[in-house]
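Chains as they are written, first to last, in the working numbering: chain A, 1135 to 1348; chain B, 1135 to 1348.
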């Protein structure tokens, strides 16, 4: 307490810089949104966490809703660009499904807090409703990819494409609930495990040895 | 507005009954919690929805937190009893995994609003933390079941049991996000589709015909 009067705030200490850039502020705000909920997080709380004046924050953003919009964009643009690349690739339907799964898992892990925020959006404002609309468009394209792979014969056709697609992405999206970048699973391992479970299931692969006891 | 003075509340209209029983109140409260969030839902709002006085509500429950506890119990007891039955069954490890998956999907669908509430709990109070603790204990037992099936050789052993278990339940839990009891998928169909994707994956089953175009 008594030492705080001489403590130099981190922002001031960085000479020659205006403090935080928009991306850094966004990262801090998204962590707060995920921890305590968007509605319960005030602009004042974000400013306090950054040790900035509210007016300095408003230099970067017009409103809390604009912060939310940019944060959701971060997740959505990543997922949409994965989808676009997969659709543009000159590959079979089955390979396209693998591409989009691989890309989505990568985006989820690399933009974990942003996708976590996106997956919790319930449509309480125009910004949230626009985000849900883009998620729906993504899901719709995904069902098309699953369906094309079924018609081509690359994946089984006896499960409704909508159900298959939702189960796959239920699995993929659950990653935000339990994956921690500090965990022992590297991103590449995780991607391959998801692809394996998605396409081959847990049934024993022909010729593979059983697991050891330890 | 002007007709409201002669309107007979539904509760009063049921002669010889005290109005709602505890289960019915619970169902209405859980729907409100899921729609607008637990924190944002007041006891007054629950009473209003039921057209009850707050005092009548307190005849059934001591507090809003008690309603939450009973609602979460509804989900947890279902899942825990599925787990207990699976562990007690005299079957192979692989069959035990199928049993617990089948049971969990059934509980999810049959107690959809309660499990939805459970899956959104973040640990903001003693009641929520106790529920999270029971979820963790469930997850721990589940990893044991996956691991035993791997050691036995019923399912592939080249994927970490923790990752496999979380991917499986990510898929299962996602059902609360998209399954609607009025949908065309009957419960039995859904259960079998989940088991199929979980154990066999989407790869084409040997000898099966490709999907038709429509």
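Glycine included, each C-beta is placed from N, C-alpha and C at the ideal position.
Note down, in chain order, every chain B residue with its Cβ under 7 Å from the Cβ of residue 1332 of chain A.
Neighbours of residue 1332 of chain A in chain B, taken as residues whose beta carbon is under 7 Å from its own, are 1335 and 1336 in chain order.
By the DSSP assignment, the alpha helix (DSSP H) with residue 1212 of chain B in it spans what residues?
Taken as a continuous stretch (DSSP letters only), the alpha helix (DSSP H) holding residue 1212 of chain B covers 1198-1222.
Go ahead and label residue 1203 of chain B buried or exposed: buried means 16 or more other beta carbons lie within 10 angstroms of its beta carbon, across all protein chains shown.
By the 10 Å Cβ count, residue 1203 of chain B comes out buried.
Cβ separation of residue 1306 of chain B and residue 1235 of chain B, assumed to be a contact under 8 Å, to the nearest whole Å:
Cβ atoms of residue 1306 of chain B and residue 1235 of chain B come within 8 Å of each other, at about 7 Å.
Who are the neighbours of residue 1308 of chain A on chain B, taking C-beta pairs under 8 Å?
Under the 8 Å cutoff, chain B gives 1300, 1301, 1303, 1304, 1305, 1307 and 1308.
Just mark residue 1320 of chain B as buried or exposed, buried being the case when its beta carbon has 16 or more other beta carbons within 10 Å.
The residue is exposed, with fewer than 16 neighbouring Cβ atoms inside 10 Å.
Proximal residues of chain B, C-beta to C-beta of residue 1293 of chain A below 8 Å:
At a C-beta separation below 8 Å, residue 1293 of chain A has these neighbours in chain B: 1327, 1330, 1331 and 1336.
Beta-bridge pairing of residue 1337 of chain B - partner residues as DSSP gives them
According to DSSP, residue 1337 of chain B bridges with A:1289.
Is the Cβ-Cβ distance between residue 1308 of chain B and residue 1277 of chain B less than 7 Å?
Cβ atoms of residue 1308 of chain B and residue 1277 of chain B: not closer than 7 Å.
Chain B contacts made by the region 1273-1284 of chain A, where a contact means CB separation under 7 Å
Cβ contacts with chain B come from 1284.
Give the interface partners of residue 1159 of chain B over in chain A, defined as CB-CB distance under 8 Å, in chain order.
Chain-ordered listing is empty here: chain A has no CB closer than 8 Å to the CB of residue 1159 of chain B, the nearest sitting near 24 Å.
For residue 1303 of chain B and residue 1271 of chain B, I'd like the C-alpha separation in whole angstroms.
Spanning the two alpha carbons is a distance of roughly 14 Å.
Since residue 1329 of chain A and residue 1232 of chain A should fall inside the 8 Å C-beta cutoff, what is the C-beta to C-beta distance between them, to a whole number of angstroms?
Correct: roughly 6 Å between the Cβ atoms.
Which first and last residues belong to the alpha helix (DSSP H) in which residue 1167 of chain B is found?
Note, residue 1167 of chain B: alpha helix (DSSP H), 1156-1170.
Among A:1325, A:1206, A:1336 and A:1266, which residue has its Cα nearest to the Cα of residue 1311 of chain B?
Distances from the CA of residue 1311 of chain B to each of A:1325, A:1206, A:1336 and A:1266 were compared; the closest alpha carbon is that of A:1266.
Under a three-way DSSP split, which group does residue 1330 of chain B fall into?
It is helical.
Counting only beta-carbon atoms, is residue 1201 of chain B nearer than 7 Å to chain A?
No, residue 1201 of chain B does not count as interfacial toward chain A.
Between the CA atoms of residue 1162 of chain A and residue 1157 of chain B - distance to the nearest angstrom:
A direct Cα-Cα distance of roughly 42 Å separates residue 1157 of chain B from residue 1162 of chain A.
Are the CB atoms of residue 1212 of chain B and residue 1241 of chain B within a distance shorter than 7 Å?
The answer is yes: Cβ separation under 7 Å.
Mind checking residue 1196 of chain B: buried by the 16 CB within 10 Å criterion, or exposed?
Of the residues assessed, residue 1196 of chain B falls on the exposed side of the cut-off, its CB having fewer than 16 other CB atoms within 10 angstroms.
For the alpha helix (DSSP H) that residue 1313 of chain B lies in, which residues bound it at each end?
Premise fails: residue 1313 of chain B is in no alpha helix (DSSP H) and is neither H nor E.
Could you name the residues of the same chain whose beta carbon sits closer than 7 Å to that of residue 1239 of chain B, not counting the 5 residues immediately before and after it, in chain order?
Residues of the same chain with a CB within less than 7 Å of the CB of residue 1239 of chain B, apart from the 5 flanking positions on each side, are 1306, 1309, 1324, 1325 and 1328 in chain order.
Since residue 1175 of chain B and residue 1184 of chain B should fall inside the 8 Å C-beta cutoff, what is the C-beta to C-beta distance between them, to a whole number of angstroms?
With a Cβ gap of about 13 Å, residue 1175 of chain B and residue 1184 of chain B do not count as contacting.
Straight-line gap, residue 1348 of chain B to residue 1217 of chain B (C-alpha atoms, nearest Å)
Low per-residue confidence applies at residue 1348 of chain B: pLDDT is 48, beneath 50, and the placement is therefore not dependable, though the value from the model is reported in the following sentence. Straight-line Cα distance between these residues: approximately 39 Å.
Would you decide whether residue 1336 of chain A is buried or exposed? Buried here means 16 or more other CB atoms lie within 10 Å of its CB.
By the 10 Å Cβ count, residue 1336 of chain A comes out buried.
Does any CB atom of chain A fall closer than 7 Å to the CB of residue 1236 of chain B?
No, residue 1236 of chain B lies away from the interface with chain A (no Cβ there is under 7 Å from its Cβ).
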